[in-house]
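Student: In the numbering used here, the protein residues as written are 2 to 213.
1) Could you tell me the distance, in whole angstroms, from the CA atom of residue 88 to the CA atom of residue 9?
2) Take residue 62 as the anchor and find which of 149, 95 and 125 has the nearest alpha-carbon.
3) What are the residues that DSSP puts in a beta bridge with residue 43?
4) Quick one: grab the DSSP three-state call for residue 138.
5) Using the beta-carbon count (16 or more within 10 Å), is residue 18 buried or exposed?
6) From the DSSP output, read off the bridge partner residues of residue 59.
7) Run through DSSP, which three-state label would residue 74 get?
8) The alpha helix (DSSP H) that contains residue 102, what's its start and end?
9) Quick check: what's the CA-CA separation for residue 26 versus residue 93?
10) On the CB-based measure, 16 or more other CB atoms within 10 Å of its CB, does residue 112 come out buried or exposed?
11) What is the C-beta distance between residue 77 and residue 144, in whole angstroms, given that I count them as a contact (C-beta under 8 Å)?
12) So what does DSSP say about residue 20, is it helix, strand or coil?
13) Tell me, please, whether the region 66-73 touches the region 38-57 by the rule of three or more beta-carbon pairs shorter than 8 Å.
14) Could you give the DSSP three-state label for residue 174: helix, strand or coil?
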């Protein structure tokens, strides 16, 4: 009886432990690139196709924007940096971490992966919108094209258009969603909506902890 009641709690602990390990590994991988700070961006002089396409926001409580020197010197750099700044300002890595760990602990619930994929896609669309407001739709579209080019090259992982740490959906589906959003009129994200997304994520995490 005790074992059955403890199993959900163990699942939650294991899920968050896995998440922490993944975060630590990512931080170590970034540290090995020895990035140098340049304003609010960290630039890594990395080797290898995947490393040359690096553009990501890493860290939970103190997110950092890390770009490869090739990306930082590219024509798409302003749009890419605005995209990553949006992730950093909104603490997207932290909220996605919490949602991932909470939903992973509910491994028996159908559709949890779809929920997480939609949340991650929403974060990308959010960042694209902020970049669009700052640099224009054409600049963000060029950054997406750079990501497509990086993906189709041998050994490419397409980190150059922002959010390149982990593929959120099937790459083709994600890029199609983002391209369609850029083709639509600009949207204004109300502050209450932005905070409601955070509140729902926090409430879901707390609910999981209480119910389990």
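Backbone N, C-alpha and C fix where the C-beta goes; we use that ideal spot for every residue, glycine too.
Tutor: Looking at the atomic coordinates:
1) 31 Å
2) 95
3) 38 and 67
4) helix
5) exposed
6) 65
7) coil
8) 93-106
9) 18 Å
10) exposed
11) 4 Å
12) helix
13) yes
14) helix
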